[in-house]
Every structure is written in C-alpha cells, then in structure tokens.
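Data first, discussion second: the structure below is written as structure tokens.
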Ligand SMILES: Nc1ncnc2c1ncn2[C@@H]1O[C@H](COP(=O)(O)OP(=O)(O)O)[C@@H](O)[C@H]1O
Ligand SMILES: [Mg+2]
C-alpha cells in the first residue's frame, strides 16, 4: 500500500532552488534512507513530508491526502499518525524527561503507559533529569521514545544517529527495526553513515542537484557490483 | 490536553528564575522598600502611598508576566526549535495559546492578591469587596489588552539575544517612565514626553483611578484610553499581518 506519493516537488528559499522536481514514493512497512551531501536538501524534503514546510510546486500525498488545500483539522489528524525526530531535537528545556513524556502523551492522546515507555527505552536512570542537561545521545533516545509514544504509522527521522557513539547508534537502530518489524511501521530517515543504509534500509534515495538522482532497492545497488553503499555513494557524488 | 499543557506551563514558569525574579520578587520587594522611604508622602490627587502604589505594583507584576513569561517565552520557544517540534505534534495552536493566556492570568491574579495582602499587612490597606471586584474586573480587561500587545511585539523577534536585550530595555523604560517608582511629574521634560507615549504609563494611571474610584472622563483619561487603543489596534494589525505570511 502506497502511503506517500511525491511528484515533481520544487522548493526554493529566495533565489536558491533546493528541490527541482523530486519524485518519491513509499509503501507501508518500508525503511527508506535518504542520502546526499550537506546542503543537498534532505532536511527540507523531510520537513515537507512532516507537513511543517511549504513547497512551491508539485504534489505531495500522504495517507491519501494531498497536502495542497488540506484543512487545519485534517492536518492535525494526519499528524497523529506521523512521528518525527528533528535535527537537532529540542524540547522544553525546563521539563524533566518523564514530564515531557506525559505532555506528549497528552498531545497524541496516546494510551501507552509512561512506565512502559520508560522500561522499553531504558530511561529510568534519567527519568527525573531535565532534558536540557542530557547528553546528545540521551536527547536522541528521549526524542525517539517520544516519537514512539503515539504508535505512529510513519516515522521520519532527520539524522537520528549523527554524533552518537557506536553503542548508542546500535541501541537506536534496534528500536527502529523493532518498531518496523513488530508494528509494520514505515520509516524514512537521513543519515551520513552508509553502513546504516546497507544494514537496515530497504531502499535508498540519493538527492543530488535537487532531484532524486538515485532511488533504488539497496540490494539492487549492491548487485550492480559495488562493494558497499559507501563505494556507490562516493562514485556518484 | 489543555489541562496538561497548563500544568506544565505553570511548572516551567516556577522553574525559570528570570521570570520569577522580575514578576514575583522585584515588584513586591520594591513595593515594601519604597513604602519605607516615601510612605508618608502625599501624591497627585491627594492619594496616599498605599492608594497610589498598590495598584501600580499590581500593574508592574502584570507587565512583567505578560511581557516576559508570556511574550519573551514565545521567542525562546521559537529560537530554540521547541515551537517547531510542538508544531509537528497534533496539538492545535489555539490550545498552546490559550494555555499561555490562562497561565498569565493565573500568575498576574496571584500578583494582584499578593500585593494586596502585603498592603494589608504592612501598610494598613483596607479590604473593600466592591472596589476589589471592580478593580479586578478592570484588571482582567487590561490583562487581555496587554496580552495582545505582547504577542504582537514578540512575534517580531526570531532571535533570543535581541529579544532579551529588548526585554531588559523595556523593563527599564517602563520602570522609569511608567510612574511605577519615581514620580514622572518630577522628572525632566524628555522623560515626561516618553511617559506620555508609553502605554504602560497610561495603563497604570487608569488602573490607579479605577482602584481609588476616581475615574472621571476628563482629557487625561481620554488621552490614556486613546494611546492604549492606538497601540492595541496596531498590535492587532501586526498579528494579522504576521499570520498571513506563514
Ligand atoms: N529556512 C531557510 N532559509 C534559507 N535557506 C535555507 C533554509 N533552510 C535551508 N536552507 C538552505 O537550503 C539548502 C538545503 O538545506 P537542507 O535541506 O538543510 O540540506 P541538508 O539537510 O541536506 O543538509 C542549504 O543550502 C541551506 O542553507
Ligand atoms: Mg539536514
């Protein structure tokens, strides 16, 4: 089942055209990695999918709703099914981890027990810490826990693992894969680590010069004879 | 959802030293301190210190809360990316705004009661239920006007540092030209000119009049209402114009 369909997407900031006719689609249950150089427009693209950024031309359809001309109420109900991790992630700095979980639980009107989330994500140690005081890895972990509070159909992550140590990267990926396998959720993320694409992603999209230069299954790329996705990436940009 | 947001908005306020100091600590302390110095003086209209400054310090608290804990706080959430993160969540914008407004009204009402109580304990202020209620009603109206002005002013800021400098600056201007501590009538002409275009000066004077049941519709009163309305309408236009941009 197709849950996202993007056709001819264009977006400019003033004179700078960042997206120049990008096509993209996702079926339910896929994990898709978006790659590209710094400034290629990955965050711009993801934020359009998150429904928080306007675009100039093209069609963006999410769960069957075209974002052009969508009503505020429809948008809010759409957002219930989408969770995100932003780059960088920020929350109210003077709330504690547990308080943030409770607040977002109210936003998403979720039935999940806070205790359950704290157990699942092993947050006990910092349950009463202020978000502001946490290390980068812990912030990402909390951010991911909040993203999973709502049992979303779609989760969009902007560089969730950048700057994390290998152990923490592993932990985050285990949550993402688990969610994908158990709940059948769809994942779209950006990363600069090509090993993550190779290990975990079903498909990969390379944004270059404002378009989807490559949008293929990861295994198909490897079967073309590249030793790794890293070699492939370096040969393309 | 609104109840949860409000609960955490109040918790966050109580943890923010900057807001606490300027809203619930500085005004009451100044109120007590100034009274020790000038408690015996008589002010314009034959008012005593308590009659003049009890309503003034209530307005000063209201100003701090509405401009810092409500207005400046919005810039803080915008500049740190919190606003964006909330924007992606399925919480209606109006819930967040409404919570901010109720938060301000709760805290300013607390200030109202606090100053009144200090006045009763320290300066023999008498409690008169009718004037108390009338004043409180008028106070809520002023609150609403100030919330709109504060929203408009801070919607113009994206960057935290400039918003902070601006906030400290207007606090100074309001302290010195709002008739909150130093009588404007005894100050140099240029201060008096600034005072006359400072809406807080007029808010303060209208409230002092209402508090003391002295409100008469003379020229001064109409000037005050005129200045406040002008700024209020300008604020509504700014809010409108900003909304269209998004
Ligand atoms: N709000 C903005 N205003 C102006 N330019 C922007 C804005 N956001 C991003 N850009 C520019 O658009 C380009 C793409 O940015 P971004 O989508 O963040 O790229 P990526 O995430 O791939 O690094 C960059 O050149 C960036 O400077
Ligand atoms: Mg980016």
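Residue numbers (UniProt numbering), protein chains in the order written: chain G, 1 to 237; chain P, 1 to 246.
Here a beta-carbon is modelled for each residue, glycine too, at the ideal position from N, C-alpha and C.
Note that the structure is predicted; figures quoted are calculated from it, not measured.
In the DSSP assignment, what are the bridge partners of residue i?
i                      : result
residue 20 of chain G  : G/10
residue 130 of chain G : G/96
residue 214 of chain G : G/206
residue 39 of chain P  : Paired residues: none, contrary to the question.
residue 25 of chain G  : G/5
residue 61 of chain G  : G/5, G/66
residue 190 of chain G : G/34, G/158
residue 48 of chain P  : P/42
residue 79 of chain P  : Paired residue(s): none; residue 79 of chain P is not in a bridge.
residue 84 of chain G  : G/156
Can you tell me whether residue i sits near ligand 2, meaning its C-beta is under 7 Å from at least one heavy atom of the ligand?
i                      : result
residue 84 of chain P  : no
residue 208 of chain G : no
residue 159 of chain P : no
residue 87 of chain G  : yes
residue 98 of chain G  : no
residue 158 of chain G : yes
Between the Cα of residue i and those of the options, spot the shortest distance and give me the residue it belongs to.
i                      : options                    : result
residue 149 of chain G : G/108, G/129, G/132, G/181 : G/108
residue 247 of chain P : P/70, P/94, P/211          : Residue coverage of chain P in this structure runs from 1 to 246, which leaves residue 247 of chain P outside it and unanswerable.
residue 102 of chain P : P/65, P/117, P/32          : P/65
residue 2 of chain G   : G/185, G/131, G/125, G/120 : G/185
residue 248 of chain G : G/173, G/86, G/208         : This structure does not reach residue 248 of chain G, given that chain G is present from 1 up to 237, and the question cannot be answered.
residue 145 of chain P : P/49, P/67, P/241          : P/67
residue 7 of chain G   : G/212, G/228, G/152, G/28  : G/212
residue 81 of chain G  : G/216, G/61, G/154         : G/154
residue 183 of chain G : G/29, G/20, G/23           : G/29
residue 169 of chain G : G/112, G/72, G/140         : G/140
residue 109 of chain P : P/120, P/133, P/230        : P/133
residue 137 of chain G : G/152, G/198, G/162        : G/162
residue 132 of chain G : G/90, G/45, G/64, G/219    : G/90
residue 209 of chain P : P/46, P/33, P/126          : P/46
residue 128 of chain G : G/160, G/22, G/97, G/175   : G/97
residue 62 of chain G  : G/48, G/73, G/56           : G/48
residue 22 of chain P  : P/72, P/54, P/40           : P/72
residue 220 of chain G : G/207, G/236, G/233, G/202 : G/202
residue 17 of chain P  : P/48, P/30, P/1, P/69      : P/69
residue 257 of chain P : P/53, P/24, P/26           : What the structure shows of chain P is the stretch from 1 to 246, and residue 257 of chain P is not part of that stretch, so it cannot be assessed.
residue 160 of chain G : G/233, G/121, G/84         : G/84
residue 249 of chain P : P/131, P/189, P/151, P/148 : What the structure shows of chain P is the stretch from 1 to 246, and residue 249 of chain P is not part of that stretch, so it cannot be assessed.
residue 56 of chain P  : P/32, P/10, P/77, P/76     : P/32
> Near ligand 1, which residues have their beta-carbon less than 5 Å from any of its heavy atoms, given in chain order?
Replying inline: In chain order, the residues with a C-beta atom nearer than 5 Å to some heavy atom of ligand 1 are G/13, G/18, G/38, G/39, G/40, G/41, G/42, G/43, G/44.
>> Which residues of the stretch 47-79 of chain P have a Cβ closer than 9 Å to any Cβ of chain G? Give them in chain order.
In response: Interface annotation for the stretch 47-79 of chain P against chain G: 76, 77, criterion Cβ-Cβ distance under 9 Å.
> Using a beta-carbon distance cut-off of less than 9 Å, what residues from the stretch 104-127 of chain G approach chain P?
Replying inline: Those would be 104, 105, 106, 107, 108, 109, in chain order.
> In chain order, what residues of the stretch 26-43 of chain P put their CB closer than 8 Å to some CB of chain G?
Replying inline: Within the stretch 26-43 of chain P, no residue has a Cβ that lies closer than 8 Å to any Cβ of chain G.
> Mind listing which residues of the stretch 84-102 of chain G have their C-beta closer than 8 Å to chain P's C-betas, in chain order?
Replying inline: Under the 8 Å Cβ criterion, the stretch 84-102 of chain G contributes 84, 86, 88, 89, 90, 91, 92, 93, 94, 95, 99, 102.
>> Closer than 8 Å between beta carbons: that is the criterion. Which residues of the stretch 149-183 of chain P meet it against chain G?
In response: Within the stretch 149-183 of chain P, no residue has a Cβ that lies closer than 8 Å to any Cβ of chain G.
>> If the cut-off is 9 Å on Cβ atoms, which residues from the stretch 10-41 of chain G count as contacting chain P, listed in chain order?
In response: Against chain P - using a Cβ distance shorter than 9 Å - the stretch 10-41 of chain G contributes no residues.
> What are the residues of the stretch 7-22 of chain P that lie near chain G, defined by any Cβ-Cβ distance shorter than 8 Å?
Replying inline: From the stretch 7-22 of chain P, only 8, 11, 12, 15, 16 have a Cβ closer than 8 Å to chain G.
> In chain order, what residues of the stretch 48-61 of chain G put their CB closer than 8 Å to some CB of chain P?
Replying inline: Answer in chain order: 50, 51, 52.
> Listed in chain order, which residues of the stretch 207-220 of chain G have Cβ atoms closer than 8 Å to some Cβ of chain P?
Replying inline: The residues in question: there are none.
> Taking any Cβ of chain G, which residues in the stretch 186-199 of chain P have a Cβ under 7 Å from it, in chain order?
Replying inline: Under the 7 Å Cβ criterion, the stretch 186-199 of chain P contributes no residue.
> Using a Cβ cut-off of 7 Å, which residues of the stretch 79-90 of chain P contact any Cβ in chain G, in chain order?
Replying inline: Answer in chain order: 80, 81, 82, 84, 85, 87, 88, 89, 90.
> Taking a cut of 7 Å between CB atoms, which residues from the stretch 116-131 of chain P lie near chain G?
Replying inline: Within the stretch 116-131 of chain P, no residue has a Cβ that lies closer than 7 Å to any Cβ of chain G.
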